[in-house]
Amino acid sequence: MKDFSGAFDLADQLGEFGQSPKKLPPIQDWNPELSGDMDMIIKADGSWIHEGGIIKREKLVKLFSSILKREGDDYFLVTPVEKWRIQVEVTPFTILLAKIDTQATNQSVTLMSNVGDEITLGALHKLQASDEELPFIEVRNGLNAQLNRNVYYQLAELSHENVNGQFVFNSNGTEQRIG
Numbered sequence: 000m001k002d003f004s005g006a007f008d009l010a011d012q013l014g015e016f017g018q019s020p021k022k023l024p025p026i027q028d029w030n031p032e033l034s035g036d037m038d039m040i041i042k043a044d045g046s047w048i049h050e051g052g053i054i055k056r057e058k059l060v061k062l063f064s065s066i067l068k069r070e071g072d073d074y075f076l077v078t079p080v081e082k083w084r085i086q087v088e089v090t091p092f093t094i095l096l097a098k099i100d101t102q103a104t105n106q107s108v109t110l111m112s113n114v115g116d117e118i119t120l121g122a123l124h125k126l127q128a129s130d131e132e133l134p135f136i137e138v139r140n141g142l143n144a145q146l147n148r149n150v151y152y153q154l155a156e157l158s159h160e161n162v163n164g165q166f167v168f169n170s171n172g173t174e175q176r177i178g
């Protein structure tokens, strides 16, 4: 059995924020010195691995996601007094679900991440796509979520080819490119 005591120490420091998944801690105000590198990796499929063992407790993953911070190409778990660098294979989050509302005058697409973030696509929240990778979207504070394949294919069914040869669909009156 893996020892997750180091990870639980970070969780204990968060106090009230650990009880409320919708209330995010003010990580933008936390800038402690680097404490070191933690043996934690967020895999491309969205699973969190600590010291070789998968973190199975959803609440713990959501808690860690609430203290995840990106600085350049590096990712950190931060508290007011500690800052631990972790590894991220592709993006820290994965989009698992898409809700498509066609009842409104404008079609609306809302995405849900593996940690419960909901993002409605529109002028302020646009998919970013390249020809090599699955599309992704910024979830919060520079942290991205890549679409999983099921969501990608669901959105591909909504799309059409535009005059530039790109596959797009509309959400809240804004063109979204998926490839």
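In numbering that gives the first Met the number 0, the protein residues as written are 0 to 178.
By construction, the Cβ of each residue, glycine as well, lies at the ideal position given by its N, Cα and C atoms.
| Check | Outcome |
| --- | --- |
| Does Leu-62 come out as helix, strand or coil in the three-state DSSP assignment? | helix |
| For His-159 versus Val-150, is the C-beta distance shorter than 8 Å? | no |
| If you compare alpha carbons, which of Glu-132, Asn-140, Val-138 and Gly-141 is closest to Ile-177? | Glu-132 |
| Helix, strand or coil for Glu-174, going by three-state DSSP, please let me know. | strand |
| Mind checking which residues open and close the beta strand (DSSP E) that includes Arg-139? | 135 to 139 |
| Which term fits Asp-116, buried or exposed, when burial requires 16 or more other beta carbons within 10 angstroms of its beta carbon? | buried |
| So what does DSSP say about Ala-128, is it helix, strand or coil? | coil |
| Which residue's Cα is closest to the Cα of Arg-80: Ile-53, Thr-119, Leu-67 and Pro-31? | Note that residue 80 corresponds to Val in the displayed sequence, not to Arg. Checking every option, the nearest Cα to that of Val-80 belongs to Pro-31. |
| Taking the alpha-carbon positions, what's the Glu-174 to Glu-50 distance? | 42 Å |
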